[in-house]
Amino acid sequence: MAGRLQGDSRPLRGAPVRLRLVAGTLVVAGLLGSAALGAVEVLPRVEDGIARDSKLTAAERRHAAGDRLGLDPAPFDRFRAGLHARDRYAVDVPAGAKGPFITRGEVVRAYSAFFFLPAIQVREADRVFHYRFP
Amino acid sequence: MRVVALLGANALMFVAGLGLLPWLGVARSWRELAARSGLSYVCGLVATGILAANLALIHVSFGWIALSVLAVVAACTGAWRLRGTERPAWRRPTWLTLAGVAVLAAVLVEFGRAFAVAPLNRYDAWAIWALKGHALYAFGWADPAVFAGAEYRFANLDYPLLLPALEAVDFRAMGAFDTRVIHLQFLLFLVAGLLALAALLRDRVPPLLLWPSLLAVALAPAVFDQLLTAYADLPLALIFAVGVAAAGRWLITNERWSLTVAALCFAGALLTKNEGSLFVLAALLGLFAAARERWRPLALAVAVDVGLLLPWKVYVRIHDIESINYSLADSFDVDRISGRLGVLRIAFHTLGGEMVDPLKWGFVAPLMVLLVIAGLVTGLRALPLFALVLTIVPWVGLSWIYVISQFEYSSYLDSTKERVIAAIVLGGAALTPLLATEIWASALAARASGRLRSDAERTP
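Sequence order for the protein chains is S and H. Here our numbering is used: the first residue of the first sequence is 90, the next is one more, and so on. Here our numbering is used: the first residue of the second sequence is 4, the next is one more, and so on.
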């Protein structure tokens, strides 16, 4: 084979022809089996996803992340309506329950940072977003 | 309309990549350009991402104008380099190739229907990647008010900017921060990866092996699931896998252009996520181990990759940005580490289980392991050694991260185990057809040499 290098010139141990054919068939069958298993697993998920997500309204889509976190969208919409790009704001939220990594309060701060961009979250500012857990 | 704008931006990246191929040495004639044009898209995506990410650090916005200039300059200068060279000749594709392309296209179109309506609702997708992409789009650069802001530490500020920079290019192309259409960019990473793998492997691997390999990657449930989350792990894995396939090809053929493509993709991996450093380190260690006598071009590739990552590292140092997940320096905190060494075994075992889970990755990883063993048994050295280092080093490295992390390890492991190993699995998947073909070829060569020997022994 032109250009073969592999960096070794040792004599190679050959397997019988039938064994090589079986091995080659097994590799191709393994790859096709892998693709078939994937298709069986993933294609129904694709259809489920399309059926579920294509029905989302613009508001549901806008708050998809907050909904997943169980946050009330109304305070976020109200506060964002008065914000402009580069406005500085702070977030007032209780610490809340501790999750595996951060508290619920920190989740709200993170979601605020995402939702209120291009306004900029800072520690202290005249504008303050207040959020209370139900 | 926004879908058209996003596709238009990606078409420009494809053109930019096509124009780069002659400069990268991938195409030295029109004929080679046509044969290897599948590499254009990934090269264009990565080059645009690297350029946009680094320009964002110096207050330069990258949108329609910059993208158009890049595409036109690359295409014109690339065409100028190829002037007077051999023209491509039409060759009828085999029915296997046609079938493979048709099935893959059908799968990608079906996936596209799901990506076109997906909501942006997964934590890392909005809290890290889309947030940064939106900030780059809104402010035009990596404004430290966000990218080094204390209130934004949750967004893993130490992660590099290739993916957010590409998202920002898309938002500028669309003229809006569209959290729905942006999902298509993640599907396009898969398109780019598959095209590149096909271009890299098609003249080294028989179609009967090539197309099932690509189908196995495209249809692996984890590939669809993880791309749809709009996280960076699968884009990283796909870029890295193309780099691995190119590096594997270089090991076999010593073609310089393969190493150039590998170096570009490794740079892309370095600039996508911090974990990319671990994967690229493993790949480079594997290459040095498998081809130490060719260390000079490898050293050059390392220098280029480090050079492209350097501006981001300078930005991180200037703004004193620290990781919120772990610090490698904690590896030397003997008191703390000695109490957590058991985590290493648990993480190693858990990540291994994830890699061979057939309901996530199909049989891709077990097949790669079997082929590495078969390769070593039949006397191959370079490719199996590369594959081994490529797998073991990041597997151990990732397991170690759970040991040194500040987080409670079981929660951290549970929430990340599925995705952190994506680059290992897809890197292995990219090598699988090359390994199988090399084993086959070496077995045939052994048979031929055995026949020659026995003929010589019979000759009086």
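The C-beta atom is built at its ideal place from N, Cα and C for all residues, glycine as well. The model shown is predicted, which means the values in this text are computed figures rather than measured ones.
Who are residue 192 of chain S's beta bridge partners in DSSP?
-> Bridge partners of residue 192 of chain S: S:187.
Could you give the DSSP three-state label for residue 162 of chain H: helix, strand or coil?
-> coil
Name the chain S residues whose beta carbon is nearer than 9 Å to that of residue 137 of chain H?
-> Under the 9 Å cutoff, chain S gives 203, 206 and 207.
Where residue 172 of chain S meets chain H, residues with beta-carbon distance less than 9 Å | Result: empty, since nearest Cβ-Cβ is about 12 Å, beyond 9 Å.
Residue span of the beta strand (DSSP E) that contains residue 389 of chain H, given as start and end | Unbroken run through residue 389 of chain H is the alpha helix (DSSP H), 385-407; no beta strand (DSSP E).
Considering residue 76 of chain H, what are the terminal residues of the alpha helix (DSSP H) in which it resides?
-> 67-84
Whose CA, out of H:11, H:74, H:227 and H:160, lies closest to the CA of residue 138 of chain H?
-> Nearest Cα to residue 138 of chain H within the set H:11, H:74, H:227 and H:160: H:160.
When DSSP labels each residue in this structure, what does residue 98 of chain S get in the three-state scheme?
-> Legend: pLDDT at residue 98 of chain S = 37, less than 50; position of this residue unreliable, value from coordinates given subsequently. Reduced to three states, the DSSP call for residue 98 of chain S is coil.
Beta-carbon of residue 463 of chain H versus every beta-carbon of chain S: anything under 8 Å?
-> Note that residue 463 of chain H scores 48 on pLDDT, short of 50, meaning its location in the model is unreliable; the coordinates nonetheless yield the value given after this. Judged by the 8 Å Cβ criterion, residue 463 of chain H is not in contact with chain S.
Using a Cβ cut-off of 8 Å (strictly closer), state whether residue 174 of chain H contacts chain S.
-> It does not: the Cβ of residue 174 of chain H has no partner Cβ on chain S nearer than 8 Å.
Do residue 201 of chain H and residue 110 of chain H have their C-beta atoms closer together than 8 Å?
-> no
Measuring CA to CA, which of H:362, H:338 and H:327 is closest to residue 131 of chain H?
-> That would be H:327, whose Cα lies nearest to the Cα of residue 131 of chain H.
Thinking C-alpha only, which one of S:129, S:188, S:135 and S:168 is nearest residue 115 of chain H?
-> Minimum Cα distance to residue 115 of chain H is reached at S:135.
Segments of 4+ residues assigned as alpha helix (DSSP H) that fall wholly inside the stretch 241-310 of chain H = 259-273 and 278-293
Name the DSSP beta bridge partners of residue 112 of chain H, please?
-> Paired residue(s): none; residue 112 of chain H is not in a bridge.
Check whether the stretch 221-233 of chain H touches the stretch 65-72 of chain H, taking contact to mean three or more Cβ pairs, one atom from each stretch, closer than 8 Å.
-> no
Run of the beta strand (DSSP E) containing residue 177 of chain S, from where it starts to where it stops | 177-181
Three-state secondary structure (DSSP) of residue 359 of chain H | coil
8 Å Cβ cutoff, residue 120 of chain H in contact with chain S | It does; some Cβ of chain S falls within 8 Å.
What residues from chain H crowd round residue 212 of chain S, counting only those whose CB sits closer than 8 Å?
-> In chain order: 153 and 154.
Short CB-CB distance (under 8 Å) between residue 5 of chain H and chain S | Not an interface residue.
Closest by CA to residue 130 of chain S, which one among H:37, H:227 and H:380?
-> H:227
At which residues does the alpha helix (DSSP H) containing residue 125 of chain H begin and terminate?
-> Careful: residue 125 of chain H lies outside any alpha helix (DSSP H) and carries neither H nor E.
Going by Cα to Cα distance, which pick from H:31, H:18, H:30 and H:48 is closest to residue 76 of chain H?
-> Per the Cα distances, H:18.
Buried or exposed (CB count within 10 angstroms, at least 16 for buried), residue 210 of chain S = buried
Cβ-Cβ distance between residue 9 of chain H and residue 169 of chain H below 8 Å | no
Comparing the C-beta of residue 362 of chain H with each C-beta of chain S, is any distance below 8 Å?
-> Yes, contact with chain S.
Output the distance between the C-alpha atoms of residue 239 of chain H and residue 288 of chain H, rounded to the nearest integer angstrom.
-> 19 Å
Does DSSP classify residue 442 of chain H as helix, strand or coil?
-> helix
Residues that residue 217 of chain S bridges to, as DSSP identifies them = S:179
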